[in-house]
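Chains as they are written, first to last, in my numbering: chain A, 1 to 367; chain B, 368 to 595. All C-beta atoms, glycine included, are put in the ideal place defined by N, C-alpha and C. Bear in mind the structure is a predicted one, so any value in this text is a computation, not a measurement.
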Amino acid sequence: MAGNELSNLALAIDIEGEQGFRLQLDCELPDTGITAIYGPSGSGKSTLLDCVAGLRRPQPGSRIHFRDESWQAGGQYLPPWERRVGYVFQDGRLFPHLDVRGNLAYALKRAGQAGPSLDTVVELLDLRELLPRATQALSAGQKQRVAIARALLSAPQLLLLDEPLANLDHAAIGELIPCLRRLASELALPMLYVSHDIEEVSQLADHLLLLEHGRATAQGPLLELCSRLDTRLSHEEQAAAIVLATVRQHDPDFGLTELDLEGYTLFVNQLPDSAGRQRRVRIPARDISVCRERPGQSSILNILPVKIAEIEESGAARIMLRLSLGSQHLLARITRKSATELGLSVGDAVFAQIKSAALLMEMAESS
Amino acid sequence: MPLSTAEQDAIYLTIALAGITTVLLLLIGTPLAWWLSRRRGTLPALVESLVAMPLILPPTVLGFYLLLLLAPDTALGQFWQALTGSQLAFSFSALVIGSVIYSLPFVVQPLQSAFQRIPQGLLQAAATLGASPAVQFRSVVVPMCRRSFLAAASLGFAHTVGEFGVVLMIGGNIPGETQVLSIALYDQVESLRFAEAHRLAAGLVMFSLALLFLLYRRGGRDSWRVTS
Chain A
1 MAGNELSNLA LAIDIEGEQG FRLQLDCELP DTGITAIYGP SGSGKSTLLD CVAGLRRPQP
61 GSRIHFRDES WQAGGQYLPP WERRVGYVFQ DGRLFPHLDV RGNLAYALKR AGQAGPSLDT
121 VVELLDLREL LPRATQALSA GQKQRVAIAR ALLSAPQLLL LDEPLANLDH AAIGELIPCL
181 RRLASELALP MLYVSHDIEE VSQLADHLLL LEHGRATAQG PLLELCSRLD TRLSHEEQAA
241 AIVLATVRQH DPDFGLTELD LEGYTLFVNQ LPDSAGRQRR VRIPARDISV CRERPGQSSI
301 LNILPVKIAE IEESGAARIM LRLSLGSQHL LARITRKSAT ELGLSVGDAV FAQIKSAALL
361 MEMAESS
Chain B
368 MPLSTAEQDA IYLTIALAGI TTVLLLLIGT PLAWWLSRRR GTLPALVESL VAMPLILPPT
428 VLGFYLLLLL APDTALGQFW QALTGSQLAF SFSALVIGSV IYSLPFVVQP LQSAFQRIPQ
488 GLLQAAATLG ASPAVQFRSV VVPMCRRSFL AAASLGFAHT VGEFGVVLMI GGNIPGETQV
548 LSIALYDQVE SLRFAEAHRL AAGLVMFSLA LLFLLYRRGG RDSWRVTS
């Protein structure tokens, strides 16, 4: 366990679940921004949230500290109704005997101390017109918005979200993601966000905790962790690096936007953003190829000079390259045959060709 | 033909007995039903079986054992004697005790099945919103089970009005003290006063029908539903 200062979220959890499953971890997480807990289903993500909320009680030796509060330590255990957490469940869990307003009032009435006002939350989540509705009459996306609002109104110091977007359609997800980012920054509310969808995580999270088989395998800032070769992320089929780029200008004739990435130019499909805004761009490793010489004439627009920082085998036929570009990194997955034929080794300067299609996965603005 | 004093007493006594019994049944049955709805295992199964016994036992069996239990020479009988100065057996209080036991399943079972339908997830949500277990019960369970409470209370009341065997065994037939409607009716039939018997019998039929009709017309179940 690193450090003794209790200025963040310190977790030392040991809990046994069904069928021999055991969640065992010891880590410190930031108490600001959005921390994603990412892993395959069955890795213990929801169990971890339940322990933080106090809905499940880990072994007596477990410790949960949040800022200067101790939620569990030794034999002492704070029940969920005394912890200042908000919990947004995958299935919403709105009270069926209350309408939307009633659900929100339920939280407001029991908020231990002053939190965001009803008006603020209703405004942030655009709920004005839903207030008199029965919960049964809401769409899946509306239900989750109400569930988020209800959790916020209980004036939490930490918001837990368990795959809140899992049952939603594409449009609803597109609305909620920027909304969650706005909440995190405007309300200065730290969030633990459980997900098994790396794209969702890439758009939302600032920090990432990887869980596998009940163990924490890695954690760190999202951008850094995504471009590392020693985590399971780089071995996933959809492995991708995330970079920060600044909008330079739009080229409406070709329907493209020009981004500045470490002083180089990156073209992506046209964005609505005005110039100067910083964006996250997710570039899948399989969409990058490398060549020794800058290709003279190519249909590929984005060709960046990079340096090979690391090389790692990824299965029998393929290898993964970590490429540095200024202070940022890209990942490229190429065949082992090509790597051998090109004689690639660490430190080599090469050119990365990025298919522009890869940049369709344009991400929400970064905080 | 106006009601005789004995008949009026019997009606009053029956309503008082059923009313007091219903209140006690709700006070005892609610926590019991909650406990049964959240537990699995040998002890809960045993308790559930005991609660359900009056459904299948002849009332006379229950009445017989209660009579032995409440007799003046038992510990309970003597305790009561010391406490109140009067005998427990063949008293109104004995009727209340017998009725509570006899009608318990009619209150516990609808409540238990209603409580079992409350998703645990809603209570967890309430807990994270700051609701302690008592508050969760008051603010989520009770309003969601309102109709089941109404059904439980109605069935408990009606079943107490309708009991005969237990009352006869432990209450005897003391006008103004333990002579309830069903016993008064039995008396009238015994002494071949059929015209009066008809009046009481028909009255009970109408009352029971009206109560059940009101109950079933409102729908037996609680009207909430969870959608996801």
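Notebook entry, point to check: Any Cβ of chain C within less than 9 Å of the Cβ of B:G497?
Noted result: Any reference to chain C falls outside this structure, whose protein chains are A and B.
Notebook entry, point to check: Expressed to the nearest angstrom, what Euclidean distance is found between the alpha-carbon atoms of A:E16 and A:D50?
Noted result: 13 Å
Margin query: Along the stretch 495-528 of chain B, where does the CB come closer than 9 Å to a CB of chain A? Name the residues.
Written below: Of all residues in the stretch 495-528 of chain B, T495, L496, G497, A498, S499, P500, V502, Q503, S506, V507, P510, M511 and R513 have a Cβ within less than 9 Å of some Cβ in chain A.
Margin query: Please report whether the beta-carbon of A:D14 lies at a distance below 9 Å from any beta-carbon of chain B.
Written below: no
Note to self: Starting from A:L266, trace the beta strand (DSSP E) in both directions and tell me its first and last residue.
What the structure shows: Y264 to N269
Next item on the list: Find the residues of chain A that neighbour B:G488, judging by a C-beta separation of less than 9 Å, and give them in chain order.
Entry: F89, D91 and R93
Checklist line | Whole alpha helix (DSSP H) elements within the stretch 65-148 of chain A, 4-residue minimum | finding: 100-110 and 118-124
Check: Do B:A377 and B:P542 have their C-beta atoms closer together than 9 Å?
Finding: yes
Next item on the list: Excluding the 5 residues preceding and the 5 following A:Q238 in the sequence, name in chain order all residues of the same chain whose CB lies nearer than 7 Å to its CB.
Entry: I198 and P284
Margin query: List, in chain order, every chain B residue whose beta-carbon is nearer than 7 Å to that of A:G112.
Written below: G497
Notebook entry, point to check: Assuming A:V85 contacts A:L158 under a Cβ cut-off of 8 Å, what Cβ separation, rounded to an integer in Å, is found between them?
Noted result: Confirmed, Cβ separation roughly 5 Å.
Checklist line | Within the stretch 135-217 of chain A, ranges of the beta strand (DSSP E) (whole runs, at least 3 residues) | finding: 158-162, 191-195 and 207-212
Next item on the list: Anything in the stretch 53-67 of chain A with a Cβ closer than 7 Å to a Cβ of chain B? List those residues in chain order, please.
Entry: Within the stretch 53-67 of chain A, A53 and L55 place their CB atoms closer than 7 Å to a CB of chain B, listed in sequence order.
Notebook entry, point to check: For B:M573, does the count of other Cβ atoms within 10 angstroms reach 16, so buried, or fall short, so exposed?
Noted result: exposed
Check: A:R150 touches chain B at which residues, Cβ-Cβ below 9 Å?
Finding: At a C-beta separation below 9 Å, A:R150 has these neighbours in chain B: A492 and L496.
Margin query: Excluding the 5 residues flanking B:H526 on each side, which residues of the same chain have their C-beta closer than 8 Å to its C-beta?
Written below: Y469, S470 and F473
Item checked: Listed by chain order, chain B residues near A:W81 by CB distance under 9 Å -> A493, A494, T495, L496, G497, A498, S499, P500, V502 and Q503
Margin query: Rounded to the nearest angstrom, what separates A:T231 and A:L29 at their Cα positions?
Written below: 18 Å
Check: Do we get a CB-CB distance below 9 Å when we pair A:V100 with the residues of chain B?
Finding: no
Item checked: Boundaries of the beta strand (DSSP E) in which A:V243 is found, first to last residue -> A240 to D251
Notebook entry, point to check: Apart from the five residues just before and just after A:D273, which ones in its own chain have a Cβ nearer than 6 Å to its Cβ?
Noted result: V247
Next item on the list: For chain B, find out if any of its Cβ atoms is closer than 9 Å to the Cβ of A:G86; answer yes or no.
Entry: yes
Notebook entry, point to check: In chain order, which beta strand (DSSP E) runs of at least 3 residues are fully inside the stretch 518-546 of chain B?
Noted result: none
Checklist line | Beta-carbon contacts of B:T388 that lie in its chain and below 8 Å, excluding the five residues immediately before and after | finding: V463, S466, V467, S470, G523, F524 and T527
Margin query: Strictly below 7 Å CB to CB, what residues from chain B border A:S154?
Written below: L496 and G497
Notebook entry, point to check: Can you list, in chain order, the residues of the stretch 164-196 of chain A whose Cβ is nearer than 8 Å to any Cβ on chain B?
Noted result: N167
Next item on the list: Keeping to the same chain, check which residues put their C-beta closer than 7 Å to that of B:A568; ignore five residues upstream and five downstream.
Entry: The residues L552, in chain order, have a CB closer than 7 Å to that of B:A568 in the same chain once the five nearest residues on each side in sequence are set aside.
Note to self: Going by beta-carbon coordinates alone, are A:A352 and A:V290 separated by less than 9 Å?
What the structure shows: Cβ atoms of A:A352 and A:V290: closer than 9 Å.
Item checked: Element boundaries [alpha helix (DSSP H), containing B:T381] -> T372 to R405
Note to self: Taking contact to mean 3 or more Cβ pairs, one atom from each stretch, closer than 8 Å, check whether the stretch 108-128 of chain A and the stretch 30-49 of chain A are in contact.
What the structure shows: no
Margin query: Using C-beta distances below 8 Å, list every residue in its chain close to A:E365, excluding the 5 sequence neighbours before and after it, in chain order.
Written below: Because the pLDDT of A:E365 is 47, which lies under 50, any placement of that residue in the model is unreliable, and the number read from its coordinates should be weighed accordingly. So the qualifying residues of the chain are P178, R181, D273, R277, Q278, R279 and R280.
Checklist line | Cut-off 7 Å between Cβ atoms - residues of its own chain near A:R286, not counting five sequence neighbours on either side | finding: Hits under 7 Å: R333.
Check: chain B partners of A:A218, CB-CB under 9 Å?
Finding: Near A:A218 there are no residues of chain B at all, since even the closest Cβ is about 28 Å away, more than 9 Å.
Checklist line | Proximity winner among A:L301, A:L325, A:P295 and A:T335, relative to A:E313 (alpha-carbon distances) | finding: A:T335
Checklist line | Given B:S371 as reference, the closest of B:G488, B:R566, B:L576 and B:A577 once Cα atoms are compared | finding: B:R566
Next item on the list: Thinking A:V243 and A:L330 are a contact (beta carbons under 8 Å), I'd like their distance in whole angstroms, please.
Entry: 7 Å
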